[in-house]
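Trainee:
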Amino acid sequence: MRTDSFLVIIPAFNEEKNIGRVLKPLREENLPVLVVDDGSTDRTAWVASDERVLLIVFPRNRGKSAAVKEALRFNVDKVVLLDADLTGLTRNHALQIKQWISTYNCARIILKGGRAATTWSHMISPVLAGQRILPMAVLRKFYESSSVTGFQLEVALEDFLKKEGIRQEELVLEGVGQIMKEEKRGFWPGLKARLRMYLDILAYKLRGRPTI
Ligand SMILES: Nc1nc2c(ncn2[C@@H]2O[C@H](COP(=O)(O)OP(=O)(O)OP(=O)(O)O)[C@@H](O)[C@H]2O)c(=O)[nH]1
Ligand SMILES: [Mg+2]
Numbered sequence: 002m003r004t005d006s007f008l009v010i011i012p013a014f015n016e017e018k019n020i021g022r023v024l025k026p027l028r029e030e031n032l033p034v035l036v037v038d039d040g041s042t043d044r045t046a047w048v049a050s051d052e053r054v055l056l057i058v059f060p061r062n063r064g065k066s067a068a069v070k071e072a073l074r075f076n077v078d079k080v081v082l083l084d085a086d087l088t089g090l091t092r093n094h095a096l097q098i099k100q101w102i103s104t105y106n107c108a109r110i111i112l113k114g115g116r117a118a119t120t121w122s123h124m125i126s127p128v129l130a131g132q133r134i135l136p137m138a139v140l141r142k143f144y145e146s147s148s149v150t151g152f153q154l155e156v157a158l159e160d161f162l163k164k165e166g167i168r169q170e171e172l173v174l175e176g177v178g179q180i181m182k183e184e185k186r187g188f189w190p191g192l193k194a195r196l197r198m199y200l201d202i203l204a205y206k207l208r209g210r211p212t213i
């Protein structure tokens, strides 16, 4: 089995209620984690710092694509992208992720059986899933060749991988779900944030190469 060095990167915006639950099993299994707190107005950074992770705090919100780009500061073989609002993540999942990193070069990780809404949304649009394993060299080349903003990261990555002919494994994290914007922010603000996410994606699809 290869032993690739890696870093788990978790972009987080106002996740004080969720991020501790995600970090705990990862830290218990000694996975190296970078949290990028993207101008949160709650105690996300405080909760994260309690879990002994690498922490970068943006003073103001710059969007998910800019947050994940911070991973490029680190000299590792692979990166694992995880959302900060996962539910049901256990030490076994952390071990499974570690094993996947040494087995697969590039993978999209689908969540199933944790929460019905997550299972459905990942079945319908797996390309929008926030969980991935990527070689650092690929992530670096992606950011060098594409300028993405906000929530364009996932769709743009999918296009990039296809263009580069990089095969992605599709892995399933059983029993893990995630929290929806409407639950986190309240219905109307959540819906507004969802529309903004879809607008980001639409802008990417229409223009192809939006600028930051
Ligand atoms: N850096 C950064 N991360 C964000 C921002 N908004 C959300 N995130 C993070 O991105 C991940 C997914 O965010 P969500 O808003 O739940 O988006 P989603 O999971 O794709 O969509 P739903 O949960 O279905 O609403 C979480 O880790 C969030 O904390 C942001 O403005 N900047
Ligand atoms: Mg979510």
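Numbered by our numbering, the letters in the sequence shown go through residues 2 to 213 in order. Think of the CB as a built atom: it goes at the ideal place given N, C-alpha and C, for glycine as much as any other residue.
(1) By Cβ distance below 6 Å, which residues in the same chain neighbour G176 in space, the five residues on each side in sequence not counted?
(2) Alpha carbon to alpha carbon, what distance is there between L56 and P211?
(3) Is it buried or exposed, L87, if we count other Cβ atoms within 10 angstroms and call 16 or more buried?
(4) Given L196, which residues of its chain have a CB within under 6 Å of its CB, disregarding the five upstream and five downstream residues?
(5) State the Cα-Cα distance for the pair I167 and G40, rounded to the nearest angstrom.
(6) Which of the three DSSP states, helix, strand or coil, is assigned to P136?
(7) Touch check for the region 69-79 and the region 40-49: three-plus C-beta pairs under 8 Å?
(8) Whose CA, out of I180, R186, Y199, lies closest to the CA of D84?
(9) What do you reckon, is the C-beta of D51 under 7 Å from a heavy atom of ligand 2?
(10) Looking at the unbroken alpha helix (DSSP H) that takes in V23, where does it start and where does it end?
(11) Exposed or buried, which one is R61 when buried takes at least 16 other CB atoms within 10 Å?
(12) Enumerate in chain order the residues of its own chain whose CB-to-CB distance from S6 is below 6 Å, with the five nearest sequence positions on each side excluded.
Mentor: Reading it off the structure:
(1) G89, G114, G115, listed in sequence order.
(2) Low confidence applies here, because P211 scores a pLDDT of 48, under 50, leaving its location unreliable; read the following figure in that light. Cα-Cα distance, rounded: 28 Å.
(3) buried
(4) none
(5) 33 Å
(6) strand
(7) no
(8) For D84, the nearest C-alpha among the options comes from I180.
(9) Ligand 2 has no heavy atom closer than 7 Å to the beta-carbon of D51.
(10) 20-29
(11) exposed
(12) V77, D78
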